[in-house]
Ligand code: 5GP
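In our numbering, the protein residues as written are 383 to 562.
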């Protein structure tokens, strides 16, 4: 697996420290609010797990799955819900936790859905932001790291369902996906 990585972009200790900082910030800003943390599957699972373990306030979690890149590295531009939330979001403070915002299409779709569901507030926390490729305008409230326009894997992010278990964020060698 390591041989498929061109470069380590964010080392494990840097990742973990930044996640702790985000958790402290969220704990402060959501004191007394019991937020509902929404993990967008599957890429955000590791991030959300570390994030909530470092949060010091009462909170609840739920999961949502949308279509993503399938086995390729380019978005189809079409977003679909594969799994909806179990809980009602009525009058709740939501924090959407994403692995990476690329075109922004997934996020703008999710925000639109939640805005139609009578929530109290909706904010977005993403581990990675790839602003160069944005095609839909989205407001991101909390960002772990900005990354360049490269296909990254690790710490939950996959290529063809692999590499999610790498403890760092790395750039995948182009030859791995060049036959797409
Ligand atoms: P967007 O809708 O913003 O274009 O991207 C949504 C999803 O595409 C992300 O949640 C993520 O699953 C996937 N994605 C976008 N860029 C990358 C990347 O560089 N690496 C990986 N592994 N997935 C990505």
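Cβ atoms here follow ideal geometry from the backbone N, Cα and C, with glycine treated the same way.
Let's test the definition: count the other Cβ atoms within 10 Å of the Cβ of residue i and tell me whether it reaches 16, buried, or not, exposed.
i	result
residue 391	buried
residue 466	exposed
residue 437	buried
residue 464	exposed
residue 446	buried
residue 488	buried
residue 557	exposed
residue 480	buried
residue 474	buried
residue 384	exposed
residue 544	exposed
residue 531	exposed
I need the straight-line Cα distance from residue i to residue j, nearest angstrom please.
i	j	result
residue 426	residue 534	14 Å
residue 407	residue 508	14 Å
residue 514	residue 484	8 Å
residue 435	residue 420	15 Å
residue 493	residue 476	10 Å
residue 386	residue 552	9 Å
residue 409	residue 520	23 Å
residue 431	residue 490	23 Å
residue 411	residue 559	41 Å
residue 388	residue 414	44 Å
residue 499	residue 511	26 Å
residue 542	residue 424	12 Å
Check residue i in the structure and name its three-state DSSP category.
i	result
residue 411	helix
residue 452	Residue placement at residue 452 is poorly supported in this model, since its pLDDT is 49, which falls under 50; the coordinates still yield a value, given next. Residue 452: coil per DSSP, three-state reduction.
residue 508	strand
residue 559	helix
residue 491	helix
residue 431	helix
residue 386	helix
residue 402	helix
residue 540	coil
residue 514	helix
residue 439	coil
residue 522	coil
residue 533	coil
Just confirm the distance between the C-beta atoms of residue i and residue j, as a whole number of angstroms; I'd bet it's less than 8 Å.
i	j	result
residue 469	residue 539	So it is not a contact: roughly 26 Å between Cβ atoms.
residue 393	residue 496	In fact, because the Cβ distance is near 34 Å, the residues do not count as touching under 8 Å.
residue 537	residue 548	7 Å
residue 504	residue 482	Not a contact, Cβ separation roughly 19 Å.
residue 460	residue 449	7 Å
residue 433	residue 416	Between residue 416 and residue 433 the Cβ distance is about 16 Å, and since that is not below 8 Å, they are no contact.
Contact criterion: CB-CB distance below 8 Å. Does residue i meet it with respect to chain E?
i	result
residue 521	Protein chains in the displayed structure number just one, and chain E is not present.
> Any contact of the region 400-419 with the region 524-533, i.e. 3+ C-beta pairs under 8 Å?
Replying inline: The region 400-419 vs the region 524-533: in contact.
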